[in-house]
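**Student:** Structure incoming, see below.
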Amino acid sequence: MTLPVRYTRTAVALHWLAAILIFAAFPLGLIMSDLPLSPLKLKLISYHKWLGVSVFLLAAARLAWRATHTPPPLPDVMPAWQRRAASGLHFLLYLLLFAIPLSGWLMSSAKGFQTVYFGVLPLPDLIGKDKALGDALQEVHEMLNYGLLALVSAHVAAALKHQFIDRDGILARMLPFLDRRSS
Amino acid sequence: MMMRLLIALSLLLFASAQAAEFSAVQADKSAISFITKQMNVPVEGVFRKFTAQIRIDPAKAEAGQARIEIDLAGIDAGSAEANEEVKGKNWFNVREFPQAGFISGSVKALGGGRFEASGRMTIKGRTRDVRAPFTLKQEKGVLILDGRFPLKRLDYGIGSGVWSDTAVVADEVQVRFHFVLK
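In order, the protein sequence lines correspond to chains Z and P.
Sequential numbering of the first sequence, starting at 3, is according to the working numbering.
Sequential numbering of the second sequence, starting at 630, is according to the working numbering.
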């Protein structure tokens, strides 16, 4: 069996779709929490929650895809510590892709606001209304997001280092157009 | 002799029928709540302060009467910031209209233990006719009156200005009531 040189088209599409949604949901979360109560705020909160549910579903799809499709191997020249760091970082990123939407969902339930996906599909409230718990979960949700910000920064920095310093073509595995240009 | 007995018997029946009237509302066990839809998300709120005068005999519910006054300062709209907002001018304008009220007109039986009270609801100085279906249930010496009815918030000017967009907050609000009477 020959090992793949890059991620499958599906894996690439899922990765970038998730990235776009996260890059939209993150600032939306910050903006909406600072707004005074208004129709706009209610709209933004709903959009944020729909994005979060979508990120969760995408994470599940990506995990399922990854379990059934071998990712391309890392270059042989890459030191062992970097491999461990890469897989550790990816593991943590996946963890947060699930944990963050989940904490948001629980927080919504605890605050007494159900999540209705796209205004159509109501998700069950896993916990009842509890103001103190809702406030605590909000803290958790925020902290996890700042954790994600740190991890994504490292993820992007590593990708750029591979592209511009190591020049090992790793980024092209997830950005196929780079590959075409170099070959 | 026979006649007297009949009269005595009917008086007794009348007296027992009288005794079957419930009128002492158990405030701590009763509740008036409402459900709004915000971006299609159902959000429950509660009117924590109200006085309810209800007289009803389950055997002749049609003669029942109710007068309910809600102290709007006691509203819990689901969150601290919503509680602030809904007392303001766009919503209930509590400073100018501290109370909302319902006065029943007639009650009709719908069959199967269900009834419908018609009456007049006044909120924010606007009065509209409403009809509220309810059920009656007797247990352990108390009468439980349960019902719900939809109300269009814009009929009363509740949520005006930017809030009149019904795509964000639906026009229809479900009002629920639960009264326990002795």
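Each residue gets a CB set at the ideal place from its N, CA and C atoms; glycine is no exception.
Just so it is clear, the structure is predicted and the values come from calculations on it, not from any experiment.
For LYS45/Z, return the contacting residues in chain P, with the cut-off set at a CB-CB distance below 8 Å.
**Tutor:** Position 43 of the first sequence, counted from the first residue, corresponds to residue 45/Z. Using a Cβ-Cβ cut-off of 8 Å, LYS45/Z is close to MET668 and VAL797 of chain P, given in chain order.
**Student:** May I ask you to list the residues that DSSP assigns as paired with ASP775/P?
**Tutor:** Along the second sequence, one-based indexing puts residue 775/P at 146. Paired residue(s): THR764/P and HIS807/P.
**Student:** Closest Cβ-Cβ distance between GLU673/P and chain Z: below 8 Å?
**Tutor:** The residue you call residue 673/P lines up with position 44 of the second sequence. Yes - at least one Cβ of chain Z is within 8 Å of the one on GLU673/P.
**Student:** Give the C-beta separation of ARG68/Z and LEU76/Z to the nearest angstrom, bearing in mind that I take them to be a contact with Cβ-Cβ under 8 Å.
**Tutor:** For the purposes of this step, residue 68/Z is taken as the residue at position 66 of the first sequence. For the purposes of this step, residue 76/Z is taken as the residue at position 74 of the first sequence. About 15 Å separates the two Cβ atoms, so there is no contact after all.
**Student:** Grouping DSSP H, G and I as helix and E and B as strand, with all else coil, what is SER184/Z?
**Tutor:** Translated into the one-based positions of the first sequence, residue 184/Z becomes position 182. Unreliable placement is indicated for SER184/Z, whose pLDDT of 47 sits below 50; the coordinate value is still reported in the next sentence. SER184/Z: helix per DSSP, three-state reduction.
**Student:** Mind listing the chain Z neighbours of THR707/P? Cutoff is C-beta to C-beta under 9 Å, in chain order.
**Tutor:** On the second sequence, residue 707/P is found 78 positions in, with the first residue counted as 1. The residue asked about is misnamed: residue 707/P is Gly in this sequence, not Thr. Neighbours of GLY707/P on chain Z, chain order: LYS113, GLY114, PHE115 and LYS131.
**Student:** Just verifying my parser: in three-state terms, what is the DSSP assignment at ALA681/P?
**Tutor:** Taking the second sequence and counting its residues from 1, the one referred to as residue 681/P is at position 52. Note: ALA681/P maps to strand in three-state DSSP.
**Student:** Quick check: is the beta carbon of ASP39/Z nearer than 8 Å to any beta carbon in chain P?
**Tutor:** Counted from its first residue, the first sequence places residue 39/Z at position 37. Correcting the residue identity first, residue 39/Z is Leu in this sequence and not Asp. Yes, its Cβ sits closer than 8 Å to a Cβ of chain P.
**Student:** Less than 6 Å between C-beta atoms, sequence neighbours within five positions excluded: which residues of the same chain meet that for THR680/P?
**Tutor:** For the purposes of this step, residue 680/P is identified with residue 51 of the second sequence, where counting begins at 1. Only GLU698 meet the Cβ criterion.
**Student:** Cβ of TRP615/P less than 8 Å from any chain Z Cβ?
**Tutor:** Beyond the ends of chain P as shown, which are 630 and 811, falls residue 615/P; an answer cannot be given.
**Student:** Using the beta-carbon count (16 or more within 10 Å), is LYS753/P buried or exposed?
**Tutor:** In the second sequence, the residue the question calls residue 753/P occupies position 124. Buried: at least 16 other Cβ atoms inside 10 Å.
**Student:** CA-CA distance, SER747/P and ALA761/P?
**Tutor:** The residue given as residue 747/P occupies position 118 in the second sequence. The residue given as residue 761/P occupies position 132 in the second sequence. About 6 Å.
**Student:** Applying a beta-carbon distance threshold of less than 8 Å, which residues of chain P neighbour SER35/Z?
**Tutor:** Taking the first residue of the first sequence as 1, we reach residue 35/Z at position 33. At a C-beta separation below 8 Å, SER35/Z has no neighbours in chain P, since its nearest C-beta there lies roughly 11 Å away.
**Student:** Pop quiz: ILE773/P and VAL809/P are said to be a contact at Cβ under 8 Å. What is the actual Cβ separation, rounded to whole angstroms?
**Tutor:** Counting from one through the second sequence, the residue named residue 773/P turns up at place 144. Counting from one through the second sequence, the residue named residue 809/P turns up at place 180. Indeed, because the Cβ distance is near 6 Å, the residues count as touching under 8 Å.
**Student:** Going along chain P, which residues have a C-beta under 9 Å from GLY149/Z?
**Tutor:** Here residue 149/Z refers to the residue found at position 147 of the first sequence. Simply none; closest approach about 27 Å.
**Student:** Rounded to whole angstroms, what's the CA-CA distance from ALA20/Z to LYS716/P? Just pull it up for me.
**Tutor:** In the first sequence, residue 20/Z corresponds to position 18, counting from 1. In the second sequence, residue 716/P corresponds to position 87, counting from 1. In this model, ALA20/Z and LYS716/P are separated by some 41 Å (Cα to Cα).
**Student:** Would VAL672/P be called buried (16 or more neighbouring beta carbons within 10 Å of its own) or exposed?
**Tutor:** Indexing the second sequence from 1 puts residue 672/P at position 43. With 16 or more other Cβ atoms within 10 Å, it is buried.
**Student:** Which bits of chain P does VAL118/Z rub up against, with CB to CB less than 7 Å?
**Tutor:** Counting from one through the first sequence, the residue named residue 118/Z turns up at place 116. Those within 7 Å of VAL118/Z in chain P are ASN669 and VAL670.
**Student:** Decide yes or no for the touch test of the segment 118 to 129 of chain Z against the segment 684 to 700 of chain P: beta carbon pairs closer than 8 Å, at least 3 of them.
**Tutor:** no
**Student:** Hey, how far is the Cα of HIS17/Z from the Cα of ILE129/Z?
**Tutor:** Walking along the first sequence from the start, residue 17/Z turns up at place 15. Walking along the first sequence from the start, residue 129/Z turns up at place 127. Taking the straight line from one Cα to the other gives about 31 Å.
**Student:** Which chain Z residues are close to GLU714/P, counting only those with a beta carbon under 7 Å from its beta carbon?
**Tutor:** Residue numbering aside, residue 714/P sits at position 85 when the second sequence is read from its first letter. The contacting residues are LEU39.
**Student:** Which residues in the same chain as ARG183/Z place their Cβ atom closer than 8 Å to its Cβ, once the five residues preceding and following it in sequence are excluded?
**Tutor:** As a first step, residue 183/Z must be located in the first sequence, where it is residue number 181. Low local confidence applies: a pLDDT of 47 at ARG183/Z is under 50, so the model's placement there is unreliable, and no value is given.
**Student:** Mind checking TYR9/Z: buried by the 16 CB within 10 Å criterion, or exposed?
**Tutor:** The residue you call residue 9/Z lines up with position 7 of the first sequence. By the 10 Å Cβ count, TYR9/Z comes out buried.
**Student:** Using a Cβ-Cβ cut-off of 8 Å, state whether VAL791/P counts as contacting chain Z.
**Tutor:** Within the second sequence, residue 791/P is the residue found at index 162, counting from 1. So, interface residue.
**Student:** Any contact of the segment 793 to 803 of chain P with the segment 37 to 50 of chain Z, i.e. 3+ C-beta pairs under 8 Å?
**Tutor:** yes
**Student:** Please go through the same chain and pick out, in chain order, the residues whose beta-carbon is closer than 8 Å to the beta-carbon of ALA156/Z, but skip the five residues on each side of it.
**Tutor:** As a position in the first sequence, residue 156/Z is number 154, starting the count at 1. Excluding positions up to five away in sequence, the list reads LEU91.
**Student:** Can you tell me whether SER35/Z is buried or exposed, with buried defined as 16 or more other CB within 10 angstroms of its CB?
**Tutor:** Here the question's residue 35/Z lines up with position 33 in the first sequence. SER35/Z is exposed by the Cβ-count criterion.
**Student:** Given this structure, state the Cα-to-Cα distance separating PHE651/P from LYS811/P, to the nearest angstrom.
**Tutor:** Locating residue 651/P in the second sequence gives position 22, where the first residue counts as 1. Locating residue 811/P in the second sequence gives position 182, where the first residue counts as 1. Cα-Cα distance, rounded: 5 Å.
**Student:** Evaluate ALA13/Z with the Cβ neighbour count: other Cβ atoms within 10 Å of its Cβ, from every protein chain shown; 16 or more gives buried, anything less gives exposed.
**Tutor:** Locating residue 13/Z in the first sequence gives position 11, where the first residue counts as 1. Looking at its Cβ environment, which holds 16 or more other Cβ atoms inside 10 Å, ALA13/Z is buried.
**Student:** Compute the Euclidean distance between the alpha carbons of VAL142/Z and LYS45/Z, then round it to the nearest angstrom.
**Tutor:** Within the first sequence, numbered from 1, the residue matching residue 142/Z stands at position 140. Within the first sequence, numbered from 1, the residue matching residue 45/Z stands at position 43. Approximately 23 Å, taken between the alpha carbons.
**Student:** Please list the partners that ASP794/P has in chain Z, where partner means a Cβ-to-Cβ separation under 9 Å.
**Tutor:** Counted from its first residue, the second sequence places residue 794/P at position 165. Neighbourhood of ASP794/P in chain Z, by CB distance below 9 Å: PRO41, in chain order.
**Student:** Just how far apart, CA to CA, sit HIS807/P and LYS766/P?
**Tutor:** For the purposes of this step, residue 807/P is taken as residue 178 along the second sequence, with counting starting at 1. For the purposes of this step, residue 766/P is taken as residue 137 along the second sequence, with counting starting at 1. Each residue's alpha carbon lies about 11 Å from the other.
**Student:** Taking Cβ-Cβ distances below 8 Å as the criterion, which residues of the segment 90 to 106 of chain Z are in contact with chain P?
**Tutor:** none
**Student:** For HIS50/Z, is the classification buried or exposed, using 16 other Cβ atoms within 10 angstroms of its Cβ as the cut-off for buried?
**Tutor:** In the first sequence, the residue the question calls residue 50/Z occupies position 48. Buried is the call here.
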